[in-house]
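Enquirer: In terms of UniProt numbering, the sequence shown opens at residue 1 and continues consecutively.
Built from N, CA and C at the ideal position, the CB exists for glycine as well.
Values in this document were obtained by computation on a predicted structure and should not be read as measured data.
Sharing a structure below in structure tokens format, with a few things to ask.
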Amino acid sequence: MNVHVPDNARRDLALVGCPECAFRFETPNYRLGMQHRCPECEAAIKPKYVRRAPDSGCSLSYHTFLQLLTMRPYRDEVVPLISAWFGYQVEYQGRTLIMHNAAGRRVDTETMHEMIQNSPRWQEQLYRKAGTFFR
Ligand SMILES: [Zn+2]
1 MNVHVPDNAR RDLALVGCPE CAFRFETPNY RLGMQHRCPE CEAAIKPKYV RRAPDSGCSL
61 SYHTFLQLLT MRPYRDEVVP LISAWFGYQV EYQGRTLIMH NAAGRRVDTE TMHEMIQNSP
121 RWQEQLYRKA GTFFR
């Protein structure tokens, strides 16, 4: 697979490895912690982290996103913020977050993460909120 990636976007790419076949490939910083399809062996994998993206901008990894949604004190501020953006209803079963949209359908957290990370405005707002905890 030979995809041209513009130079400014390339700086957001982290280097990861496939735990099945050890193939190394690049992925956007925000997709770290999500399931991937290995470009070499095509297994469904959670890639092993090899090298951080040189400039990840305002992106947050999926791993960090899950921490923000499930752990106190982060979730007490982050979950109301996100549910207000999307108009979602939120409840917890233990530490598992259950979200429903206005139509009552279950919302997948990976999809929600992608939606936020593909919106510069939401991405930056979430990054700033996370910065108040992690800085
Ligand atoms: Zn592989």
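(1) Any chance the CB of Glu110 is under 7 Å from a heavy atom of ligand 1?
(2) Could you check what DSSP says for Leu66 in three-state terms: helix, strand or coil?
(3) Indicate whether the contact test is met: 3 or more Cβ pairs, each with one atom in the region 54-68 and one in the region 30-45, closer than 8 Å.
(4) Please enumerate, following chain order, all residues with a beta carbon closer than 5 Å to at least one heavy atom belonging to ligand 1.
(5) Determine, using beta carbons only, whether Arg51 and Ala14 come nearer to each other than 8 Å.
(6) Are Arg11 and Ala44 touching if we call contact CB-CB under 8 Å?
(7) Does any residue of chain D have a CB that is nearer than 8 Å to the CB of Gly87?
(8) My understanding is that Val16 touches Pro47, with C-beta atoms under 8 Å, so please give their C-beta distance in whole angstroms.
Expert: Let me spell this out:
(1) To locate residue 110, count along the sequence shown from 1; it is residue 110. For Glu110, the Cβ stays outside the 7 Å cut-off from all heavy atoms of ligand 1.
(2) If you number the sequence shown from 1, residue 66 lands on position 66. In the three-state scheme derived from DSSP, where H, G and I count as helix and E and B as strand, Leu66 is classed as helix.
(3) Contact holds: three or more Cβ-Cβ distances are below 8 Å.
(4) Listed along the chain, these residues meet the criterion: Cys18, Glu20, Cys21, Phe23, Cys38, Glu40, Cys41.
(5) Here residue 51 refers to the residue found at position 51 when the sequence shown is read from its first residue. Here residue 14 refers to the residue found at position 14 when the sequence shown is read from its first residue. Arg51 places its beta carbon less than 8 Å from that of Ala14.
(6) Here residue 11 refers to the residue found at position 11 when the sequence shown is read from its first residue. Here residue 44 refers to the residue found at position 44 when the sequence shown is read from its first residue. Taking 8 Å as the cut-off, the Cβ atoms of Arg11 and Ala44 do not count as close.
(7) Among the chains of the structure shown, chain D does not appear; only one protein chain is present.
(8) Here residue 16 refers to the residue found at position 16 when the sequence shown is read from its first residue. Here residue 47 refers to the residue found at position 47 when the sequence shown is read from its first residue. Contact between Val16 and Pro47 holds, since their C-beta atoms are separated by about 4 Å, short of 8 Å.
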